[in-house]
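In this text, residue positions in the sequence shown follow UniProt numbering: the first is 1, and each later residue adds one. Backbone N, C-alpha and C define an ideal beta-carbon position, used for all residues, glycine too. Let me begin by presenting the structure, written as structure tokens, before commenting on it.
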Amino acid sequence: MKEANVSTSPRLPQHVSDGTSDEERKGLLSGDVQDRPDPELSGKRPWTKRILVLATAAALLLLGVAAGECLLSRRADKNTLRATFLKDAVRSNGTHDFKPTVLVVSIDGLQAGYLDRGLTPHLLDIAKKGLRAKFMKPIFPTLTFPNHWALMTGLYAESHGIVANNFWDPETGTEFHYNSAAHSWNASWWFGEPMWETAGKAGLITANLMWPGPPQTRTGWSPTYFIPWRDKVPLKEKHDQIMAWLDMPIDTRPQLIMAYEPSLDQAGHLTGPNSTLVNNTLSYVDRFAKDIHESLEARNLTDIVDVVFVSDHGMTDTSHLNMIYIDEILGKDGYEAIEHEDGWPSMGIRFSPSVDAAHYLDILLDAARANPEKFDVYTHETMPQRYHFSDNPRIAPIYIVPKMAYALTTRKDGDVGFTKGNHGYDNDEPSMRAFFVAHGPFSAVTKVVQKQNSQRLMRRLLGNPNEGWHSTADDTYVLEGFENVNLYNLVMKLLGIQDSAAKTNGTEGFWDKYF
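Here it is as structure tokens:
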């Protein structure tokens, strides 16, 4: 079978070396595998009335046999599927052996609702062959770096320490800047254990293709292969790098690959979520998903490699914002007394120790009570529990959270630097929701489990639906929405290393019903 066609074809970066001979790669792409035909059953149906009683008895007997076969099949299915997710399980694509392998691809800013625009036929086709979720709920704040580290560690921002894209750390007296390696790559910023550290400790090879985060954790672990972020990288180059890793020999091939693509988020900020540019970019990343899936098919790996497409957050239209002027609320002296401002579009405030911060907090609270439709003001003690955003000294003691369609600014700054699309708002807002599409052994397991559950007579008679998923009109399996802090434990389960998993903020046993 020939390799899947991909739209553009720049060369692989010179630093990429996959260690695979042409002969081995030819074998990987051959697709020369024949499946065993299923045995056929045949029988004769008696028609004479003289043996009506015997026919009835035979029917009952056949029903019993079928039930027995179903039970045996269920046991066989479960045994086979259980073996799929063992750490040391080895499966063949017909030419090469593979251990459990997971590819996680993040498409920054792909709002869950984008899948309903009719512009993502390939992602929807992958979802139909596999499954998808109604949505994936990001953590608060709904920003890129806090959420990508939540996806990697299964932790809320207060636990993993990346509380915004930009913030002040009072314990070290330093500031985190997401777009500066010098101010963000130091391992001391990043708490929690990312997927690639857990996998590495378990003896697995890992690869990181530009995923937001550090090259090394606080405990000194690094991905086996690490390619740092660069802007404007063609998707063809990223696709080829992923496939180069999968084409490696088994003793050097990564079992966990993480890849990141920011172009859709960039388009959303620049022209807004309802723009032509966003729609065109959405089609562009949809073709990227198609290219990955077709390349897996060409290698006969769709039943071996779990590919999981996700995003970090959604996007909302901010082209017609209502301004909240913080300098007018606090007055000149109050605004000038602010020593540090964190976050965007929310604003974390640290006042100078030389002023009465409680006085200015009261002013802000009075303004919020007078304008409940515009913004909220919180302290660590009053922050909504559902945000999980209070138990960390990096979170400013006063936090102003604007409502949708509002923005915090000053009379001097006005709308300078504002974008036509943004995120960072309440993570319960539908426009902030991320997406989740998966295909591979995980989706196969889920469908088998769902089918077996639906065959239970009592469930059918009682009308008790399967908890956790439903089927759409086109037979796509759709999981209920879930928090993104649960992704870490799913990947650990797919790799067969759940017993080595770190402690997370995900729901314990969340994925059990799908297996």
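On the premise that residue j lies in contact with residue i, defined as a C-beta separation below 8 Å, what is that separation, rounded to the nearest angstrom?
{"i": "alanine 337", "j": "tyrosine 360", "result": "7 Å"}
{"i": "alanine 187", "j": "arginine 218", "result": "5 Å"}
{"i": "proline 106", "j": "tyrosine 260", "result": "The amino acid occupying residue 106 in the given sequence is serine; proline does not appear at that position. Right, the Cβ-Cβ distance comes to about 5 Å (below 8 Å), so this counts as a contact."}
{"i": "threonine 153", "j": "threonine 504", "result": "7 Å"}
{"i": "phenylalanine 436", "j": "alanine 133", "result": "4 Å"}
{"i": "tryptophan 168", "j": "histidine 380", "result": "Contact doesn't hold; Cβ gap of about 15 Å is too wide."}
{"i": "arginine 433", "j": "alanine 157", "result": "Their Cβ separation, rounded to whole angstroms, is 17 Å, which puts arginine 433 and alanine 157 out of contact at 8 Å."}
{"i": "proline 194", "j": "glycine 173", "result": "26 Å between Cβ atoms; not a contact."}
{"i": "leucine 494", "j": "valine 310", "result": "Between valine 310 and leucine 494 the Cβ distance is about 14 Å, and since that is not below 8 Å, they are no contact."}
{"i": "serine 263", "j": "valine 285", "result": "7 Å"}
{"i": "arginine 394", "j": "valine 163", "result": "5 Å"}
{"i": "proline 100", "j": "glycine 496", "result": "5 Å"}
{"i": "leucine 209", "j": "lysine 238", "result": "6 Å"}
{"i": "lysine 374", "j": "proline 402", "result": "7 Å"}
{"i": "tryptophan 185", "j": "glycine 161", "result": "Rounded, the Cβ-Cβ distance is 14 Å, inconsistent with contact."}
In the DSSP assignment, what residue or residues form a beta bridge with residue i?
{"i": "methionine 323", "result": "Ala407"}
{"i": "tryptophan 344", "result": "Answer by DSSP bridge pairing: none, since tryptophan 344 is not bridged."}
{"i": "lysine 137", "result": "Glu483"}
{"i": "residue 561", "result": "Because the chain in this structure spans residues 1 to 515, residue 561 falls outside the shown range and cannot be described."}
{"i": "tryptophan 511", "result": "Answer is none; tryptophan 511 lacks a bridge partner."}
{"i": "glycine 421", "result": "Asp317"}
{"i": "isoleucine 398", "result": "Ile349, Thr379"}
{"i": "aspartate 306", "result": "Val102"}
{"i": "tryptophan 185", "result": "In DSSP, tryptophan 185 forms no bridge with anything."}
{"i": "serine 431", "result": "Per DSSP, none; premise fails for serine 431."}
{"i": "arginine 91", "result": "Phe98"}
{"i": "aspartate 333", "result": "Answer is none; aspartate 333 lacks a bridge partner."}
{"i": "isoleucine 338", "result": "Phe351"}
Under 8 Å, do residue i and residue j count as touching if we go by C-beta distance?
{"i": "leucine 115", "j": "leucine 103", "result": "no"}
{"i": "glycine 109", "j": "methionine 315", "result": "yes"}
{"i": "tryptophan 295", "j": "methionine 258", "result": "One detail in the question is off: residue 295 reads as serine in this sequence, not tryptophan. No. Outside cutoff."}
{"i": "glycine 192", "j": "leucine 155", "result": "yes"}
{"i": "valine 478", "j": "leucine 131", "result": "yes"}
{"i": "residue 518", "j": "isoleucine 400", "result": "Coverage of the chain is limited to positions 1 through 515, which leaves residue 518 absent and any answer about it impossible."}
{"i": "histidine 122", "j": "alanine 289", "result": "yes"}
{"i": "tyrosine 335", "j": "valine 445", "result": "no"}
{"i": "leucine 256", "j": "asparagine 484", "result": "no"}
{"i": "threonine 206", "j": "proline 223", "result": "yes"}
{"i": "tyrosine 178", "j": "phenylalanine 226", "result": "no"}
{"i": "asparagine 427", "j": "proline 138", "result": "yes"}
{"i": "aspartate 317", "j": "proline 273", "result": "yes"}
{"i": "methionine 404", "j": "tyrosine 387", "result": "no"}
{"i": "asparagine 147", "j": "asparagine 300", "result": "no"}
{"i": "phenylalanine 389", "j": "phenylalanine 140", "result": "yes"}
{"i": "aspartate 97", "j": "isoleucine 250", "result": "yes"}
{"i": "phenylalanine 377", "j": "isoleucine 398", "result": "The residue you asked about is not phenylalanine; residue 377 is valine in the sequence shown. Yes."}
Tell me where the alpha helix (DSSP H) around residue i begins and ends.
{"i": "isoleucine 242", "result": "235-246"}
{"i": "methionine 152", "result": "144-153"}
{"i": "tyrosine 488", "result": "487-495"}
{"i": "aspartate 362", "result": "357-370"}
{"i": "aspartate 198", "result": "In the sequence as displayed, the identity of residue 198 is threonine instead of aspartate. That run of the alpha helix (DSSP H) goes 195-201."}
{"i": "isoleucine 126", "result": "121-129"}
{"i": "alanine 157", "result": "157-160"}
Is any heavy atom in the ligand MN found nearer than 7 Å to the beta carbon of residue i?
{"i": "alanine 267", "result": "Because no ligand of any kind appears in the structure shown, any question about the ligand MN cannot be addressed here."}
Would you mind reading off the limits of the beta strand (DSSP E) that contains residue i?
{"i": "arginine 287", "result": "It is not in any beta strand (DSSP E) - arginine 287 instead sits in the alpha helix (DSSP H) that spans 276-298."}
{"i": "residue 517", "result": "Any question about residue 517 goes unanswered here, given that the chain covers just 1 to 515."}
{"i": "histidine 439", "result": "436-439"}
{"i": "aspartate 225", "result": "Here residue 225 turns out to be tyrosine, not aspartate, going by the sequence shown. Looking at the DSSP string, the run of the beta strand (DSSP E) that includes tyrosine 225 is 225-227."}
{"i": "asparagine 166", "result": "166-169"}
Does the CB of residue i have a neighbour CB from chain D at under 8 Å?
{"i": "glycine 220", "result": "Absent from the structure: chain D. Only one protein chain is present."}
Next item on the list: Could you tell me whether the segment 201-210 touches the segment 495-511, using the rule of 3 or more Cβ pairs below 8 Å?
Entry: yes
Next item on the list: Report yes or no: do three or more beta-carbon pairs, one from the segment 254-269 and one from the segment 417-433, lie closer than 8 Å?
Entry: yes
Next item on the list: Say whether the segment 339-348 touches the segment 362-373, bearing in mind that this needs 3 or more beta-carbon pairs closer than 8 Å, one atom from each stretch.
Entry: no
Checklist line | Segment contact, 8 Å Cβ cut-off, at least three pairs: the segment 303-312 with the segment 435-442 | finding: yes
Check: So does the segment 402-410 actually touch the segment 318-327, counting three or more Cβ pairs closer than 8 Å?
Finding: The segment 402-410, when compared against the segment 318-327, does touch it at the 8 Å Cβ threshold.
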